[in-house]
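This note's numbering puts the first residue of the sequence shown at 2, with every later residue one more than the last.
Yeah, the Cβ is synthetic: ideal placement off N, Cα and C, and Gly gets one too.
Written below as structure tokens is the structure these notes are about.
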Amino acid sequence: MNTSTILYLLGVAVVLCPTMLVVGLGLPLLFGRPLTESTQTRLAKGCAYLGLTSAVAILITMLITGIREVPIEFGNWVEVHEEGFHFHLKLVFDRLSVPFAILSYVLCGTAGAFANIYLQGDRGYDRFFILYAFFMLGIIVSTVAGTIETLFFGWELVGLSSALLVAYFHERPGPVRNGLRIWSIYRFSDAAFLVAALLLHHLTGKGDFDILMGEGTWPNGTAVITSWQALPVGLLLLLAAAGKSGMVPFSGWLPRAMEGPTPSSAVFYGALSIHLGTYLLLRISPLLNASPTLSFAVVVLGAISAISGSLMARVQNDVKNSLAYASLTQIGVITVEIGLGLRYIALIHMIGHACLRTLQLLRAPSFLHDHKAMENAVGIRLNTNDCAVPKTTSPLQLVVYRFAYERGYLDTLIDSFLVQPFVKLFRFFNECERSWTEALSGTKPDEQRQPSADLELVEEMV
Numbered sequence: 002m003n004t005s006t007i008l009y010l011l012g013v014a015v016v017l018c019p020t021m022l023v024v025g026l027g028l029p030l031l032f033g034r035p036l037t038e039s040t041q042t043r044l045a046k047g048c049a050y051l052g053l054t055s056a057v058a059i060l061i062t063m064l065i066t067g068i069r070e071v072p073i074e075f076g077n078w079v080e081v082h083e084e085g086f087h088f089h090l091k092l093v094f095d096r097l098s099v100p101f102a103i104l105s106y107v108l109c110g111t112a113g114a115f116a117n118i119y120l121q122g123d124r125g126y127d128r129f130f131i132l133y134a135f136f137m138l139g140i141i142v143s144t145v146a147g148t149i150e151t152l153f154f155g156w157e158l159v160g161l162s163s164a165l166l167v168a169y170f171h172e173r174p175g176p177v178r179n180g181l182r183i184w185s186i187y188r189f190s191d192a193a194f195l196v197a198a199l200l201l202h203h204l205t206g207k208g209d210f211d212i213l214m215g216e217g218t219w220p221n222g223t224a225v226i227t228s229w230q231a232l233p234v235g236l237l238l239l240l241a242a243a244g245k246s247g248m249v250p251f252s253g254w255l256p257r258a259m260e261g262p263t264p265s266s267a268v269f270y271g272a273l274s275i276h277l278g279t280y281l282l283l284r285i286s287p288l289l290n291a292s293p294t295l296s297f298a299v300v301v302l303g304a305i306s307a308i309s310g311s312l313m314a315r316v317q318n319d320v321k322n323s324l325a326y327a328s329l330t331q332i333g334v335i336t337v338e339i340g341l342g343l344r345y346i347a348l349i350h351m352i353g354h355a356c357l358r359t360l361q362l363l364r365a366p367s368f369l370h371d372h373k374a375m376e377n378a379v380g381i382r383l384n385t386n387d388c389a390v391p392k393t394t395s396p397l398q399l400v401v402y403r404f405a406y407e408r409g410y411l412d413t414l415i416d417s418f419l420v421q422p423f424v425k426l427f428r429f430f431n432e433c434e435r436s437w438t439e440a441l442s443g444t445k446p447d448e449q450r451q452p453s454a455d456l457e458l459v460e461e462m463v
């Protein structure tokens, strides 16, 4: 076999491994005969090892042969000949996707091995691992996607599995409410992603990323669209990235995400899912090269997120919340690096930060246990870095402390200017539908009509 065939088979194996895991874990559940915990663990480890081996083999082959990009075509989903539009299924292995795919397999495998012990005997063990499999499939598809519609498919799988795992302990109202909150923010950012994809198709006729690259490969490509065309597409994708990575103004969902099990918090919001927004910005780097205004907006958003995350992390009294906002700080710095054109530095920063946060979050439960054991052994409460307001402080310090303690008032602003207007609009539409239905049916309106169950759920979430 020649080199092209080997790379093609290895590329298919990278995506096929998480697909096999979803099928292997999902089919027994559909037939009501779930696998044993040990079998699920072995299957997850086997798929992670095989996918990691395939990704590393691609990297080694590309380094030896000097190949910088390996596209894998699967044809068109939809094609409109008259307009020149098509939705293409394509994978791309290049200097951006291959390192991130290796990182994804390493961290997913680590979190899966940790979850085997952490959740052993838990009645939601099967549910955790099927959602874990969907997440792995989503992150790998997003990583190696060669078109914007393929990336959106993986993007949605990551969002859905993440929100469901935040609500993993569904017996309590808190995790369910937080899962709904995260899902609603994801919906808003996904809408921006969809509009950007449609706009890109309108401008170029297709959503292939190599169209944006022009003649070059990542990160040296030059967009084929003009600066004024790149700006609206880039701003919409920046909004989508901000929602997925928890940047300002959407950073309020980061501490809510810690309601899920520790393995999911580590691999999702400490390592991979939170970096998916910055990965998207790296993938569309030709748009940043084409529009200085867009690059400036990326730098500003990253700087604001980094400063806000640094302030908020300092006043948290919970280790997981503190790590969540510390992750936001680094995400902001990475975003600044991307806006300044430091693409390789941003990629290395992402890989190092993801590994560090995974270790810290997986270590957090043991750290708290060891700390309590040490306090019990010495018989006194150990000195800690208390986050309370200092006794002597200036008015400016009090304002900054209150801003950080209230998490920038971002949840309140989103509720007031985004969520509540939508709820009122939907209530208005609900009343119009009821009135129109009663007018057509000839029935009298109820004197006291109760809001629908969906609206009650939304209002409770707000």
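- Between the region 6 to 24 and the region 48 to 63, the count of Cβ pairs shorter than 8 Å is three or higher; the stretches touch.
- If you keep only unbroken beta strand (DSSP E) runs of at least 3 residues inside the region 41 to 83, you get 70 to 81.
- Closest by C-alpha distance to isoleucine 140, out of Leu360, Leu281, Asp319 and Phe430, is Leu281.
- Pairing arginine 182 with glycine 244, the inter-Cα distance amounts to about 12 Å.
- Beta-bridge annotation (DSSP): alanine 146 is paired with Leu92.
- Tyrosine 169 sits buried, since 16 or more C-beta atoms from the chains shown fall within 10 Å of its C-beta.
- CA-CA distance, leucine 92 to glutamine 230, rounds to 25 Å.
- With respect to the C-alpha of leucine 312, the residue from Thr294, His350, Val249 and Arg408 having the closest C-alpha is Arg408.
- In terms of Cα proximity to leucine 60, the closest of Asn77, Ser98 and Thr359 is Ser98.
- Secondary structure in the region 181 to 229: the alpha helix (DSSP H) runs of 4 residues or longer, each lying completely within the stretch, are 210 to 214 in chain order.
- Rounded to the nearest whole angstrom, the CA to CA distance from lysine 46 to tyrosine 270 is 21 Å.
- Looking at the backbone, the Cα of aspartate 412 and that of serine 162 are separated by about 23 Å.
- Membership of methionine 21 in the alpha helix (DSSP H) is indicated by the continuous run 4 to 31.
- For valine 420, there is no enclosing alpha helix (DSSP H), as DSSP gives it neither H nor E.
- Annotation: threonine 37 is outside any alpha helix (DSSP H) and is labelled neither H nor E by DSSP.
- In its chain, beyond the 5 residues on either side, Pro29 and Asp127 have a beta carbon closer than 6 Å to the beta carbon of proline 35.
- Of the residues Arg96, Ile118 and Trp437, the one whose Cα lies closest to the Cα of isoleucine 349 is Arg96.
- For tyrosine 106, the uninterrupted alpha helix (DSSP H) run begins and ends at 98 to 119, by DSSP.
- In this structure, phenylalanine 101 keeps its C-beta atom at 8 Å or more from the C-beta atom of threonine 148.
- Here valine 249 has Ile305, Ser306 and Ser309 as same chain residues with Cβ atoms under 6 Å from its own Cβ, once five neighbours each way along the sequence are excluded.
- Per DSSP, glycine 271 lies in no alpha helix (DSSP H) segment and is marked neither H nor E.
- Excluding residues up to 5 positions away in sequence, Leu108, Ala355, Arg358 and Thr359 lie with their Cβ nearer than 6 Å to the Cβ of alanine 272 in the same chain.
- Closest by C-alpha distance to valine 300, out of Gly342, Arg315, Ala49 and Ser328, is Gly342.
- Rounded to whole angstroms, the gap between the alpha carbons of aspartate 209 and serine 436 is 47 Å.
- By alpha-carbon distance to glycine 25, the top candidate from Leu10, Tyr9 and Leu44 is Leu44.
- Residues Val23, Leu26, Gly27 and Leu30 of the same chain have their beta carbon placed closer than 8 Å to that of isoleucine 131, with the five preceding and five following residues left out of the count.
- In this structure proline 174 is exposed. Its beta-carbon is surrounded by fewer than 16 other beta-carbon atoms within 10 angstroms.
- Scanning Asp416, Phe94, Thr40 and Leu399 for the CA closest to the CA of glutamate 74 turns up Phe94.
- Annotation: the continuous alpha helix (DSSP H) that includes leucine 329 extends over 320 to 340.
- For methionine 248, the secondary structure class from DSSP, reduced to helix, strand or coil, is coil.
- A residue is called buried when at least 16 other Cβ atoms come within 10 angstroms of its Cβ; phenylalanine 423 does not meet this threshold and is exposed.
- Nearest in C-alpha terms to alanine 164, of all of Leu236, Ile226, Ser266 and Arg344, is Ser266.
- Inclusion of leucine 238 and isoleucine 285 in the CB contact set at 8 Å is warranted, their separation being smaller than that value.
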